[in-house]
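Protein chains in written order, with this note's numbering: chain A, 61 to 178; chain B, 61 to 178.
Protein chains: 2
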Amino acid sequence: MTIEELRIRIDELDRQLVALLSERARAAQMIGHLKAATSLPVYEPNREKIIYANVRAANKGPLPDIELTHIYERIIDVMRALQRNELASQRHAQAAEAEGGSQGHAAGESSPETGKRS
Amino acid sequence: MTIEELRIRIDELDRQLVALLSERARAAQMIGHLKAATSLPVYEPNREKIIYANVRAANKGPLPDIELTHIYERIIDVMRALQRNELASQRHAQAAEAEGGSQGHAAGESSPETGKRS
């Protein structure tokens with residue numbers, strides 16, 4: 061295989077990666093939506109441990125686990141931000157709804173930010 | 061779908077992502093191998109522009125382009141390091157070969173570990 065052929069293959073793999081990352085993002089968004097109803101925090105360290113363990117177990121090389129972990133740290137950061145947005149817009153909508161007839165009620169409902177920030 | 065079901069789906073997607081990232085890494089490694097013969101540099105800004113353009117063109121959301129770019133910056137960093145290792149071990153092998161039968165030939169044949177490390 062030439063460099064040119066390998067690059068065509070890489071571009072193809074990147075399009076597949078984007079599709080998978082997008083599907084993963086949609087699932088994270090839906091979890092954010094469900095968390096708004098249950099008041100679960102965005103940052104759940106135990107869940108993240110499971111994600112990293114799953115990723116390492118699936119790794120057959122050639123990337124060392126540590127490098128794959130570096131990529132996943134970034135993926136998880138981005139997904140967390142997305143989930144936080146989803147949660148915020150959800151709560152904003154709920155607050156607006158609760159405001160209904162009365163006013164100034166929404167402010168009391170806002171809870172402190174519990175998510176981890178990088 | 062419950063949070064639990066969505067997490068099962070995410071774990072499945074992560075295993076597929078690891079498989080694609082590994083295949084991408086193998087292709088990058090092969091390019092590193094070919095670059096050693098042509099003395100092309102590891103860092104090629106024009107090629108990286110093409111990668112980012114391809115990724116943005118493939119993006120249909122929900123991740124904003126900027127967030128996807130953040131993930132890709134990390135992916136490219138990791139791939140570049142892998143390619144650099146491949147190139148180094150290749151050149152190391154070539155240098156050892158050039159040294160010829162003189163001495164230390166056996167030692168020169170061992171290449172640095174490029175496989176999975178945990």
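Here a beta-carbon is modelled for each residue, glycine too, at the ideal position from N, C-alpha and C.
Minimum C-alpha distance to residue i - residue among the options
| i | options | result |
| --- | --- | --- |
| residue 99/B | 71/B, 70/B, 146/B | 146/B |
| residue 108/B | 88/B, 127/B, 97/B | 88/B |
| residue 117/B | 122/A, 155/A, 123/A, 72/A | 72/A |
| residue 80/B | 155/B, 102/B, 139/B | 139/B |
| residue 67/B | 134/A, 97/A, 68/A, 104/A | 104/A |
CA-to-CA distance, residue j to residue i, given in whole angstroms
| i | j | result |
| --- | --- | --- |
| residue 85/B | residue 92/B | 10 Å |
| residue 90/A | residue 77/B | 19 Å |
| residue 144/B | residue 113/B | 23 Å |
| residue 65/A | residue 121/B | 28 Å |
| residue 137/A | residue 160/B | 50 Å |
| residue 141/B | residue 134/B | 11 Å |
| residue 178/B | residue 129/A | Low confidence applies here, because residue 178/B scores a pLDDT of 43, under 50, leaving its location unreliable; read the following figure in that light. Those two C-alpha atoms are separated by around 10 Å. |
| residue 115/A | residue 96/A | 27 Å |
| residue 123/B | residue 82/A | 6 Å |
Cβ-based burial, residue i [other Cβ within 10 Å; buried from 16]
| i | result |
| --- | --- |
| residue 132/B | buried |
| residue 149/A | exposed |
| residue 127/B | buried |
| residue 174/A | Any answer about residue 174/A is weak, because its pLDDT of 41 lies below 50 and its placement is not dependable; what the coordinates show is given next. The residue in question, residue 174/A, is exposed, as its Cβ has fewer than 16 Cβ neighbours within 10 Å. |
| residue 119/A | buried |
Rounded Cβ spacing between residue i and residue j (contact assumed at less than 8 Å)
| i | j | result |
| --- | --- | --- |
| residue 111/B | residue 74/A | 7 Å |
| residue 94/B | residue 70/A | Not quite, the Cβ-Cβ distance comes to about 13 Å (not below 8 Å), so this is no contact. |
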